[in-house]
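K.L.:
Note that UniProt numbering has the sequence shown beginning at 1, numbered continuously upward.
C-beta atoms are modelled at their ideal positions from N, C-alpha and C, and glycine is treated no differently.
Here you go, one structure.
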Amino acid sequence: MLENFRENLNVVVVGATGGIGNAMVRALLETPRVGHVYTFSRSPISEDLKQCSQITDIGIDITNEQSVAAAAQRLDGKLVDIVIVATGLLHAQNLAPEKSIKSLTAESFQAVFMSNTLGPMLVAKHFLPLLRRNQKSVFSALSARVSSISDNRLGGWYSYRASKTALNMMLKSLAIECQRTHPQAIVVGLHPGTVDTPLSKPFQKQVKPDQLFLPHNAAESLLQVIDGLTLEDSGNLFAWDAKQISP
1 MLENFRENLN VVVVGATGGI GNAMVRALLE TPRVGHVYTF SRSPISEDLK
51 QCSQITDIGI DITNEQSVAA AAQRLDGKLV DIVIVATGLL HAQNLAPEKS
101 IKSLTAESFQ AVFMSNTLGP MLVAKHFLPL LRRNQKSVFS ALSARVSSIS
151 DNRLGGWYSY RASKTALNMM LKSLAIECQR THPQAIVVGL HPGTVDTPLS
201 KPFQKQVKPD QLFLPHNAAE SLLQVIDGLT LEDSGNLFAW DAKQISP
């Protein structure tokens with residue numbers, strides 16, 4: 001895995017204690033080409049990962065720019081090959097996907113956008129200067145198939161859909177900027193499918209068993225997608241099976 005990158009990779013995983021983020025970290029540690037993994041999250045990683053010499057664990061709150069800037073400074077200018085933002089907000093206490101426009105509130109909309117759109121882009125703002133310029137590098141963030149306007153057949157989920165659609169647009173703009181500043185960098189959104197994590201738990205009854213992925217399977221699939229990316233893919237959204245999702 002990651003055979004299309006240089007050896008001794010430095011990889012950043014933001015949201016490392018989430019279901020997919022944690023699985024990403026563990027999959028990266030099993031990848032010979034990875035030299036070091038920098039894990040970022042609000043809460044510390046598990047004790048077994050803390051003992052790993054390949055990991056540096058750093059606290060971050062992606063909704064607070066001072067926290068993001070301070071987290072990036074902790075890398076002391078070390079160059080990074082891959083950034084994976086594995087964060088996302090779909091539901092929380094007093095917050096759920098809207099089934100009807102009647103359920104939309106300014107407070108929930110702002111909270112979802114702060115986590116799903118602005119947060120990943122604040123990470124981009126402060127970590128992009130660390131991204132390797134003269135060899136293949138990737139900045140990726142978890143998006144979702146429901147962000148596709150052309151594929152929206154069920155409606156609802158106003159805040160979540162809109163926040164991920166907005167994220168896709170910002171990643172597209174970042175990809176264009178990177179053509180000038182980081183000519184070997186690839187910027188993409190990634191759709192992991194429906195993964196058995198707390199984020200999807202309330203909605204799994206509607207998912208067929210063969211379409212509900214275990215976190216480690218999703219992580220391995222997404223890393224394979226990252227490995228296969230080329231410069232022509234930059235600015236687009238790809239699913240776990242490497243198929244491009246239309247805007």
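Helix, strand or coil for residue 326? Go by DSSP, reduced to three states.
P.N.:
Because the chain here runs from 1 to 247, residue 326 falls outside it and cannot be looked at.
K.L.:
Which one or two residues does DSSP pair with F40 in a beta bridge?
P.N.:
V14, I58, per the DSSP bridge assignment.
K.L.:
What do you get for I226, buried or exposed, if any count of 16 or more other CB atoms within 10 angstroms of its CB means buried?
P.N.:
The residue in question, I226, is buried, as its Cβ has 16 or more Cβ neighbours within 10 Å.
K.L.:
Ordered along the chain, which non-local residues of its own chain (more than five positions away) have a Cβ less than 8 Å from that of L223?
P.N.:
Once the five neighbours on either side are set aside, the close Cβ partners of L223 are M1, L2, M24, A27, L28, T31.
K.L.:
What do you get for K164, buried or exposed, if any count of 16 or more other CB atoms within 10 angstroms of its CB means buried?
P.N.:
Counting Cβ neighbours within 10 Å, K164 comes out buried, since at least 16 surround it.
K.L.:
Going by DSSP in three states, T194 sits in which element: helix, strand or coil?
P.N.:
In this structure, T194 counts as strand in the three-state DSSP scheme.
K.L.:
What residues are listed by DSSP as bridge partners for F127?
P.N.:
DSSP lists no partner for F127.
K.L.:
Per DSSP, A185 forms a beta bridge with which residues?
P.N.:
According to DSSP, which records beta bridges pairwise, A185 is partnered with S137.
K.L.:
Inspect the beta-carbon positions of V85 and V14 and report whether they are closer than 8 Å.
P.N.:
Contact: yes.
K.L.:
Taking just the CA atoms, how far does F127 sit from R6?
P.N.:
Those two C-alpha atoms are separated by around 19 Å.
K.L.:
Could you pull the start and end residues of the alpha helix (DSSP H) that L49 belongs to?
P.N.:
Start and end: 47 to 50.
K.L.:
Under a Cβ-count criterion, where at least 16 other Cβ atoms within 10 Å of its own Cβ denotes burial, should N116 be classed as buried or exposed?
P.N.:
N116 is buried by the Cβ-count criterion.
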